[in-house]
Amino acid sequence: MAISQKMERRIFIFGSIIVMIFFVLVLRLAYLQLVQGEKFYQLAENNRINFQTIGAPRGKIYTVDGKILVSNKMAYSVSIKEKELNTEEDVKRTIDGLSTLLKLDGMEIIRQLVQNVIDGKVILMDKLTPEEKMLLLENIKKLPGMSIEQKVDGKGNLQKEYLQVNLRAVSTSNLLNACKTLSELFSLKYEDLLIKIIVKGLKDRDILRIKRNLTQEEMVILEEHLNDLPGVVIEKISVRDYVYGSLASHVLGYMGAISPEELQMLKDKGYRGDDYIGKAGLERYYESYLRGQNGLERFEVDSRNRKIRTLGVNTPLPGANLFINLDLKLQQKAEELLEKKLAELREEAKDDPEMMGGPTGGAVIIMNPQNGKILAMTSKPNFNLNLFAGGISPEDLQKLNNDPLLPFINRTITPQPAGSIFKLVTAAAVLEEKVIDENTIIYDANGTYQIGEWTYNNWAKRGYGPLNVVDAIAYSNNIFFYNVAHQLYKMGKGGITIPQYARAFGLGQLTGIDLPREEKGLVPDREWKEKTYGQIWLPGESLHLSIGQGYLQTTPLQLINLVSAIGNGGKLYRPYIVDRIESYDGKIIKQFEPKVIGRLPVSKKNLEIIKKGMIGATTYGTARKAFADFPITVAGKTGTAQTGAGNANHGWFAGFAPADNPEIAILVYIEHGVSSSRTLSIARDLLKYYFKIPDPLEEEKTESDDAALSEELHENEELVNQKEKEKEPGFSDKLKKFFNEVFSL
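Per numbering that gives the first Met the number 0, the sequence shown runs over residues 0 to 744.
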C-alpha cells in the first residue's frame, strides 16, 4: 500500500512536469505563431523565393534619316549570385578562381563586390587591446564610417570593445580608403577586411556581373570549373554594338563600369555596383534617356537554391532612341580626308625639319549655319568604340592612355590658339567702334610694326603696300591689325573693346552643345591679366590678341559657330547633335529646335564688309590656291597659330558656302600642321563632295605651302608696284606722309 501511494505520487509529479512542459510548448508555439508568425513566415519565404533583375535594353542611336549607328547585341557574362556568398571562404574561393581562370584582377573583383554592399554594420576588429584602442582614437578621423563600440553584460559590466563600420554611413570610395588606412595601421590584410564587409553587407538578392562579353575560350574554361566557384553563373546579356567601329567616336561616346563616385550619386535612381553607364559623348550626355527601366523576375527555389518556377515578372522597358543630325556619308568623308591628310603630313615630316615630327591630330566640323545642326564632327586620332562594348581590357586601355597623340581628347571642344581666324572679330570691333571704315587705308611697307624697342612682324615678313580692311582679311595681313589694335590701345580701350566683341561672338564661353566636357577657352582682358598675374595690360598684348595669339584660347566649335553667324547675318545658334528622342515604341519624347543664343553686335553693312574679305581670301588671298576656280563662291578665313618654342604651328581654315546664302559651314584644324595651307585641300574636297561637284580637282592645288605663298607674295608685290604707277602725281608723297603718321602712333 505504501509502495502504491509512493508510486502514485511519482506518477503525479512526472505527469505534472509533462503537463507543464506541454503547456510551455503550447505557449511558445502560440507566441511564435501569433506574435512572431509574420516574421518567421517572411524568413521562410525569403529562403524559398528569389528575385533577379532583368536588364533593360539600352536605347539605340540613329542618323536622322534612320541609319543605325549604335545598336545592341547578345553576349555572355560571368556573374556572381550574391546570395550564395555566405562565408569568407566562399568569397575567397570565387575571387581566386575567377582571377586565375579569366586572368582578372582579384582586387578589382573585390572592389566591385564592395560597391554593391547596401547595408549593415560589420565588426572589423574584435576585442580591442588598450594599445589598439589608443591608436584608433588617434586616427579615427581617417576612418569614415568606423567607430569604437562596447559590449556589456546584463549587469552593465564591460565585456569587450570592438571596431565597427556602418555601411550606410559611408560612401564606397571612402570605405575603400578607410580600410586601406586600417590595414596599414595594424598590419592587417586589406583584402580580408573587404571580404568581411562583402559577406555581411551583400544583402541584395541579385546577380553581380563581373565580366561581360566572354570569349568562347573563356566560356569553355568557366563551364569546366563552375562547381568549384560558389555563386558563379554564366548568363546572357545585351552589350553595345557600334556599327561603324571608330566612326564619330568622340561624338557617340562609349560605356564603362560605374565608378564609386558615380554610384554614390546614382544609387537612388536604381543603379547598382555592376552597372555600365555612358562615360563619354552622347552615351554620357543622354544617359538618362538611353538607359531603360530594369524589370524584375520573382521565382521559387528549392533547398539547393535551384530555380523551380517563375512566380511573376515585371517586364523591363527599353531605353529611348536618339536620332542625330550627323550625315553618315559626310561624316565618313570627313574622317577619310582628315586621316589621309594627317598620314601624308607625317610622312612628309620625316624629311622636313620645319614640321617638327608632323601633326599630332586634327578636327573637322561641318555645320548648317542657318540652324546650328552638326552635320559632321570628327577628332583625330580616335579609337574603336567596340573595345568598350563589353568592358575594355586593361591592355587596350593602357595602350590608349599611353598614346602620346592623346586619342581620348575631343579636339573639337578643346581650346587651342585661334590664329588669324580671330582677325574677323578684330575687324568687326574696329569697324563698329569707327576706328576705321571700309575705305580706310593702312600702308604695310615692309611687313613690320614697331612699338618702342619691340618689332612685330607680318606672317609673310614682306610688305603688302596700301590695304583696306577687305584686303587685310583676304591677305590675313598682320600689320593692318596691329595698327588698328594699337589705335584702340591709345584710345584707352586696349584689353577692353576686342575682348568684349570676342565674347559677343561666343568666345570664352560654352556653346551649349549636347556633349559632355565642352571647355569654354579663354578671352584675356585687362581685368583677367591683373587678377592672374598682377600686371597691367601692355600694348603688345593688344597686338597679339588682334591676330588671335597671346593668351587667347578658343575651341574649333566656337570658331565654326562664329563664322556661321557671320554667314547667316549675325545669329549665334546653339550647335546641336540630337534632332529628337523617341521612345522604344516610336513616340516622340523630345524634339529639339534651333535656338538662337546670341546676336553679333555688328551692323549688316559691316558684316557684308567682313564677308567681302572672306570671299577675297578664297578668290585672291590666302586660300585662293584651293578655291579660285571653285564653281561655288566660298567665304573663308585661314589661320596659322603659333604654339610656342619647339612646336610646329597649328593650321586652321573656317568658311561657308555659298557665300551669299550659306547651306554649309566648315572648319578644318590640323594640330601642329605648320600652316593653314595644309587644311585647304580637306575643306575644298568636303565642299566638293557636299555640293556634288563632278570635275576632279587638279593636283597642283595641293602644292606645298612655301611654293604657294611665295607665288602669292610675288604677285602681291607686283600689284603694289602697279598701284603706285597708276596713282596721280604727288600721291606717293601722301602715302609716305600717311606711313609716317601710322608709325608715329
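Where is the CB? At the ideal position from N, CA and C, for every residue including glycine. Quick caveat: nothing in here was measured; it's all calculated off a predicted structure.
Quiz item: Helix or strand or just coil, what does DSSP make of residue 215?
Solution: Residue 215 falls in the helix class under three-state DSSP.
Self-check item: Contacts around residue 434, its chain only, beta-carbon distance under 7 Å, and the 5 residues preceding and following it disregarded
Solution: Excluding residues within five positions, the ones whose Cβ falls inside 7 Å are 483, 486 and 487.
Exercise. Determine the extent of the alpha helix (DSSP H) in which residue 90 is found, giving its start and end residues.
Key: 87-100 is the span of the alpha helix (DSSP H), which, as asked, contains residue 90.
Quiz item: In terms of alpha-carbon separation, which member of 190, 397, 147 and 359 lies closest to residue 110?
Solution: Of the listed residues, the one whose Cα sits closest to residue 110 is 190.
Exercise. Report the three-state DSSP secondary structure of residue 452 (helix, strand or coil).
Key: DSSP places residue 452 in coil when its eight states are reduced to three.
Quiz item: Is it right to say residue 369 is buried, meaning 16 or more other beta carbons lie within 10 angstroms of its own, or is it exposed?
Solution: With 16 or more neighbouring CB atoms inside 10 Å of its own CB, residue 369 falls in the buried class.
Exercise. Could you say which of 194, 76 and 185 lies nearest to residue 86 if we only look at CA atoms?
Key: Taking only the C-alpha atoms, the option nearest residue 86 is 194.
Quiz item: Nearest CA to the CA of residue 509: which residue from 156, 413 and 637?
Solution: Of the listed residues, the one whose Cα sits closest to residue 509 is 413.
Quiz item: For residue 671, does the three-state DSSP call read helix, strand or coil?
Solution: Three-state result, residue 671: coil.
Quiz item: What three-state label does DSSP hand residue 240 in the structure shown?
Solution: DSSP places residue 240 in strand when its eight states are reduced to three.
Quiz item: Starting from residue 142 and walking both ways along the alpha helix (DSSP H), at which residues does that stretch end?
Solution: In the DSSP assignment, residue 142 falls outside any alpha helix (DSSP H) and carries neither an H nor an E.
Quiz item: Given a threshold of 16 other Cβ atoms within 10 Å of its Cβ, counted over all protein chains shown, does residue 554 qualify as buried or as exposed?
Solution: Here residue 554 is buried, its C-beta having at least 16 other C-beta atoms within 10 Å.
Exercise. Use the C-beta contact count for residue 318: other C-beta atoms within 10 angstroms, 16 or more gives buried, fewer gives exposed.
Key: With 16 or more Cβ atoms within 10 Å of its Cβ, residue 318 is classed as buried.
Self-check item: Anticipated Cβ contact below 8 Å, residue 615 with residue 472, distance rounded
Solution: About 7 Å; that satisfies the 8 Å criterion.
Quiz item: residue 613 to residue 605, Cα distance in whole Å?
Solution: Between residue 613 and residue 605, the C-alpha separation is close to 13 Å.
Quiz item: residue 59 to residue 102, Cα distance in whole Å?
Solution: CA-to-CA, the gap between residue 59 and residue 102 works out to about 32 Å.
Exercise. Identify the continuous beta strand (DSSP E) that holds residue 320 and give its terminal residues.
Key: According to the DSSP assignment, residue 320 belongs to the beta strand (DSSP E) that extends over 320-323.
Self-check item: Proximity test, Cβ basis, 8 Å: residue 161 and chain C
Solution: No chain C is part of this structure, which consists of one protein chain only.
Quiz item: Distance, Cα to Cα, residue 310 vs residue 49?
Solution: Cα to Cα, the separation comes out at about 10 Å.
Practice problem: Give the secondary structure of residue 725 by DSSP, where H, G and I count as helix, E and B as strand, and everything else as coil. | Solution: Below a pLDDT of 50, predicted positions are generally treated as unreliable, and residue 725, at 37, falls in that range; no measurement from the model is reported.
Quiz item: What is the DSSP secondary structure of residue 603, reduced to helix, strand or coil?
Solution: Helix at residue 603.
Self-check item: With 16 other Cβ atoms within 10 Å as the buried cut-off, status of residue 728
Solution: Residue confidence for residue 728 is low, a pLDDT of 38 falling below 50, so the modelled location carries little weight; the figure read from the coordinates is stated next. Exposed, by the Cβ-count rule.
Quiz prompt | 4 or more residues per run - each alpha helix (DSSP H) lying fully within the segment 486-558 | solution = List check, alpha helix (DSSP H) in window: 496-503, 525-532 and 538-545.
Self-check item: Proximity of residue 557 and residue 416 at Cβ, strictly below 8 Å
Solution: Taking 8 Å as the cut-off, the beta carbon of residue 557 is found no closer than this to the beta carbon of residue 416.
Practice problem: Name the two residues that bound the continuous alpha helix (DSSP H) containing residue 175. | Solution: Counting along the chain, the alpha helix (DSSP H) containing residue 175 begins and ends at 171-185.
Self-check item: residue 541 versus residue 481: straight-line alpha-carbon distance, rounded
Solution: In a straight line, the C-alpha of residue 541 is about 8 Å away from that of residue 481.
Practice problem: Over the uninterrupted beta strand (DSSP E) stretch that includes residue 293, give me the two end residues. | Solution: Looking at the DSSP string, residue 293 is not in any beta strand (DSSP E), and its letter there is neither H nor E.
Quiz prompt | DSSP bridge partner residues for residue 652 (one or two, in chain order) | solution = Answer by DSSP bridge pairing, in chain order: 637 and 667.
Practice problem: Please confirm whether residue 373 and residue 576 have their CB atoms less than 8 Å apart. | Solution: Yes, the Cβ-Cβ distance between residue 373 and residue 576 is below 8 Å.
Quiz item: Anyone know if the C-beta pair for residue 608 and residue 469 falls short of 8 Å?
Solution: Between residue 608 and residue 469, the C-beta gap is smaller than 8 Å, which places the two residues in contact.
Exercise. Could you pull out every residue in the same chain whose Cβ sits closer than 8 Å to the Cβ of residue 661, ignoring the five residues on either side in sequence?
Key: Result list for residue 661: 368, 369, 563, 566, 567, 634 and 655, in chain order.
Quiz item: Leaving out the 5 sequence neighbours to the left and right, which residues in its chain are closer than 6 Å to residue 70 when beta-carbon positions are compared?
Solution: Cβ neighbours of residue 70 beyond the five flanking positions: 59 and 240.
Practice problem: For the beta strand (DSSP E) containing residue 71, list its first residue and its last residue. | Solution: Where residue 71 is concerned, the enclosing beta strand (DSSP E) stretches over 67-80.
Quiz prompt | Of the listed residues 287, 243 and 410, nearest to residue 330 (C-alpha basis) | solution = Selection 287, 243 and 410 evaluated against residue 330 yields 243 as nearest (Cα-Cα).
Exercise. Check the DSSP bridge columns for residue 378 and list the partner residues they point to.
Key: Answer is 362.
Self-check item: Burial state of residue 622 (16 or more Cβ within 10 Å)
Solution: Burial call: buried.
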